[in-house]
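The structure appears below as structure tokens.
Number of protein chains: 2
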Amino acid sequence: MAEQDVVVLLSGGMDSATVVAIARSEGLNVHALSIDYGQRHQAELAAARAVAATLGVASLKQLRLDLRAIGGSALTSEDFAVPESPGEGIPVTYVPARNTVLLALALGHAEVLDARQIFVGVNAVDYSGYPDCRPAFVEAFEALANVATKAGVEGRGMRIRAPLLSMSKADIIRAGTALGVDYALTVSCYQADEQGRACGRCDACRLRAQGFVEAGLPDVTRYA
Amino acid sequence: MAEQDVVVLLSGGMDSATVVAIARSEGLNVHALSIDYGQRHQAELAAARAVAATLGVASLKQLRLDLRAIGGSALTSEDFAVPESPGEGIPVTYVPARNTVLLALALGHAEVLDARQIFVGVNAVDYSGYPDCRPAFVEAFEALANVATKAGVEGRGMRIRAPLLSMSKADIIRAGTALGVDYALTVSCYQADEQGRACGRCDACRLRAQGFVEAGLPDVTRYA
Chain A
17 MAEQDVVVLL SGGMDSATVV AIARSEGLNV HALSIDYGQR HQAELAAARA
67 VAATLGVASL KQLRLDLRAI GGSALTSEDF AVPESPGEGI PVTYVPARNT
117 VLLALALGHA EVLDARQIFV GVNAVDYSGY PDCRPAFVEA FEALANVATK
167 AGVEGRGMRI RAPLLSMSKA DIIRAGTALG VDYALTVSCY QADEQGRACG
217 RCDACRLRAQ GFVEAGLPDV TRYA
Chain B
17 MAEQDVVVLL SGGMDSATVV AIARSEGLNV HALSIDYGQR HQAELAAARA
67 VAATLGVASL KQLRLDLRAI GGSALTSEDF AVPESPGEGI PVTYVPARNT
117 VLLALALGHA EVLDARQIFV GVNAVDYSGY PDCRPAFVEA FEALANVATK
167 AGVEGRGMRI RAPLLSMSKA DIIRAGTALG VDYALTVSCY QADEQGRACG
217 RCDACRLRAQ GFVEAGLPDV TRYA
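Sequence lines, in order, name chains A and B. Just remember that this note's numbering sits 16 ahead of the position in the first sequence, which is counted from 1. Just remember that this note's numbering sits 16 ahead of the position in the second sequence, which is counted from 1.
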């Protein structure tokens, strides 16, 4: 391993694409990990491949895990409708323990690569209703990572980096644009079509469109 | 959900079978979760089904996750030989972040079921070389579970129970035998054949055979 090898969770959405660009801007070798957890559309995974290619990652691994077998969320089950207006409390699009599962897999990948940092695009501002998008979650996972792994036991340590944690969507778009992220490649929509074109109506589309407005930048999203 | 609903990680080995029996002895409704993470043999998963049936679980879910895509262990990769004598340090049979991944999936299952306890058969005595089999790991995961989930956010809490943590293999065999576990159904061997018969030579077989001797009970293991 080299000190600069890091694992980045890459979904194909705008947040994780920005995280890859941030890690690359620090001169780090990015080993991207995309998890196909039974999302409703494959467009997100295709977007991950396109983003990885344009941002010059060292490797991209795509891993399959059928979280639909667990169910419990509008994103992985047909039993829930995707909401088109903001609700109260924890949204039904919350996937049970999703970030815990994704970070656990990233931790395994980091151990094999002997990488000491994992980057994840969690964001507490726009997703305050998700328990696993809060600073306390990131801190608790880092504490776990340091007792759960060889690197931790042997005293080298494992850092969980969440550079978007306190950024607004507009902040993220401005930062990523400055670092050369092509957001037209990214897919945020909860119900994008097979070509990755967005619905323009779901919560994710609303937040994203508003982000471009607030950033004062043109919305490059491809809409259906 | 009922207060007595719990999730138990069930591998088909003797430890997790004993954990199911312990949870059942407390009058709990056991929702068993078996993860097929690309083990070398399927006998372990068949054993999980047999154990679940005889111990009267409320449900059994089998989830597929190909950890071979990550690699890095003798248990999930053909690049390593299974060791037949004890080594020093962390064994090559250690699967990177395995218990973190398994508990993360159990956490998702528990959230969907609204269960408040997860049982796992980790054991610090016989597996002291594995970072994720230590009390500090269990405590760190429980802390994580309480910030990562709806149950945690809403103040109901999530407990991680590891009843075997400080038991020797002989203690485990004695406890399970008293609770009616049929260890002939369980498979511990790292390289069991398709009928679930043990090699008798690998680390897991040695520990298991020694456990029966120390417990003063007949070894009911089916050997090849």
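The beta-carbon is built from N, C-alpha and C at its ideal position, and this holds for glycine as well. Note that the structure is predicted; figures quoted are calculated from it, not measured.
Leaving out the 5 sequence neighbours to the left and right, which residues in its chain are closer than 8 Å to B:CYS149 when beta-carbon positions are compared? The residues are ASN115, VAL138, ASN139, ALA140, TYR143.
Contact the segment 123-134 of chain A vs the segment 165-179 of chain A: 3+ CB pairs below 8 Å: As far as the Cβ criterion goes, the segment 123-134 of chain A touches the segment 165-179 of chain A, which means the pair count is three or higher.
is_contact[B:PRO147, chain A] using C-beta, thresh 7 Å: With 7 Å as the cut-off, B:PRO147 counts as an interface residue toward chain A.
Buried/exposed call for A:PRO234, threshold 16 Cβ in 10 Å: Taking a 10 Å sphere around the C-beta of A:PRO234, we find fewer than 16 other C-beta atoms and assign the residue as exposed.
Skipping 5 residues on each side, what residues in its chain have a beta carbon closer than 6 Å to that of B:ALA186? So the list reads GLY227, GLU230, ALA231, once near-sequence residues are dropped.
Check whether the Cβ of B:GLN20 lies closer than 6 Å to any heavy atom of the ligand FAD, and answer yes or no. For the ligand FAD, the structure offers nothing, since it holds no ligand at all.
Based on the DSSP output, what are the partners of A:SER50 in its beta bridges? DSSP links A:SER50 through a beta bridge to A:GLN78.
At a Cβ threshold of 7 Å, is A:GLU158 touching chain B? False, the Cβ-Cβ gap to chain B never drops below 7 Å.
Residues of chain A with CB under 9 Å from B:PHE153, in chain order? Within chain A, the residues near B:PHE153 are LEU160, VAL163, ALA164.
Own chain partners of A:PRO151 with C-beta closer than 7 Å, once the 5 adjacent residues on each side are dropped: Contacts found: ALA140, LEU181.
Can you say whether A:SER41 is buried or exposed, counting buried as having 16 or more other CB atoms within 10 angstroms of its CB? Under the 10 Å beta carbon count, A:SER41 is surrounded by fewer than 16 other beta carbons and is classified as exposed.
Taking 7 Å as the CB-CB cut-off, is B:ALA120 touching chain A? Residue contact check for B:ALA120 against chain A: a CB pair falls below 7 Å.
Residue environment, A:SER32, which counts as buried when at least 16 other CB atoms sit within 10 Å: It counts as buried.
DSSP state of B:ARG114, grouped into three classes? The answer is helix: DSSP assigns B:ARG114 an H, G or I state.
One or two residues paired with A:VAL23 in a DSSP bridge: Answer by DSSP bridge pairing, in chain order: A:HIS47, A:ILE134.
For B:ALA240, collect the residues of the same chain with a Cβ closer than 7 Å to its Cβ; drop the 5 residues on either side in sequence, then sort them by chain order. These residues qualify, in order along the chain: ASP209, ARG213, ALA214, CYS215.
Mind checking whether A:VAL24 and A:ALA48 have CB atoms under 7 Å apart? Yes; because the gap between Cβ atoms is below 7 Å, this pair is in contact.
Residues in the same chain with beta-carbon distance under 8 Å from B:ILE106, minus the five sequence neighbours each way, listed in chain order, please. The predicted position of B:ILE106 is uncertain, since its pLDDT is 46 and thus under 50; a value taken from the coordinates is nonetheless stated next. Contacts found: GLY145, TYR146, PRO147.
Exposure of B:VAL236, with buried meaning 16 or more beta-carbon neighbours within 10 Å: Exposed: under 16 other Cβ atoms inside 10 Å.
Within 7 Å, strictly: CB atoms of A:ALA178 and A:VAL154: Yes.
Can you list, in chain order, the residues of its chain with a C-beta nearer than 7 Å to that of A:GLN20? Leave out the 5 residues immediately preceding and following it. These residues qualify, in order along the chain: GLY43, LEU44, ASN45.
Looking at the secondary structure, which residues open and close the alpha helix (DSSP H) in which A:ARG222 lies? A:ARG222: member of the alpha helix (DSSP H) spanning 219-231, first to last residue.
Closer than 7 Å to chain B by CB, A:ALA48: Output row for A:ALA48: interface = no.
With a CB to CB cut of under 7 Å and the five nearest residues on each side skipped, what residues in its chain are close to B:LEU61? Cβ neighbours of B:LEU61 beyond the five flanking positions: GLY28, SER50, ASP52, GLN78.
Interface residues of chain B around A:ARG80 at Cβ under 7 Å? Ordered by position in chain B, the residues that pass the 7 Å Cβ test against A:ARG80 are ASP82.
Is B:TYR239 helix, strand or coil by DSSP? The answer is strand: DSSP assigns B:TYR239 an E or B state.
According to the neighbour-count rule (16 or more other Cβ atoms, all chains shown, within 10 Å of its Cβ), is B:GLU127 buried or exposed? Its Cβ being crowded by 16 or more others within 10 Å, B:GLU127 is buried.
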